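Residue 100 is where the sequence shown ends in my numbering, and the numbering goes up by one at each step.
Note that the Cβ used here is the ideal one computed from N, Cα and C, for glycine as well.
None of these values were measured; they are calculated from a predicted model.
Below: the structure, in structure tokens.
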Amino acid sequence: LSLIGLPAAPLWGVVAALANFVLYLGPAVVAAALLVAGTVVFDGAESFLPAAVFVGLNAMEGQFVTPTLL
31 LSLIGLPAAP
41 LWGVVAALAN
51 FVLYLGPAVV
61 AAALLVAGTV
71 VFDGAESFLP
81 AAVFVGLNAM
91 EGQFVTPTLL
């Protein structure tokens with residue numbers, strides 16, 4: 031998230047990691063919060079970028095990283 035210019039990216043990472051323990055609801059809440067943060071920080075279609083990056087990376091982690099390690 032810091033690569034796309036979202037302020038406090040490490041904080042968002044910690045929040046996402048902690049929320050990931052709550053199945054289904056945790057990632058949805060983080061995605062909604064990132065959508066709000068993206069709307070505040072960015073203009074236009076870029077406001078969807080933080081939520082899209084989170085959802086994409088979270089899906090890849092759930093499909094590839096976790097099954098490989100477990």
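How many Å lie between residue i and residue j at the Cα?
i, j, result
"A38", "L100", "31 Å"
"L64", "V52", "17 Å"
"L41", "S32", "11 Å"
"M98", "Y54", "Reading the sequence as shown, one finds Thr at residue 98 and not Met. Their Cα atoms are separated by approximately 21 Å."
Identify which residue in the options has its Cα closest to the Cα of residue i.
i, options, result
"I34", "L79, L65 and D73", "L79"
"V134", "P97, G74, E76 and F84", "There is simply no residue 134 to check, as the chain begins at 31 and stops at 100 in what is shown."
"L62", "L36, P97, G74 and A82", "Residue 62 is actually Ala in this sequence, not Leu. Answer by Cα proximity: A82."
Who are the Cβ neighbours of residue i in its own chain at under 7 Å, not counting the five residues just before and after it?
i, result
"N88", "P57"
"S77", "G68 and T69"
Could you check whether residue j and residue i sit closer than 7 Å to each other, using their CB atoms as the reference points?
i, j, result
"A47", "V60", "no"
Can residue i be considered in contact with the ligand HEM, in the sense that its beta carbon sits closer than 6 Å to one or more heavy atoms?
i, result
"F78", "Summarising the ligand content, the structure contains no ligands, and the ligand HEM is consequently not present."
Item to complete: Check whether the stretch 92-100 touches the stretch 58-75, taking contact to mean three or more Cβ pairs, one atom from each stretch, closer than 8 Å.
Response: no
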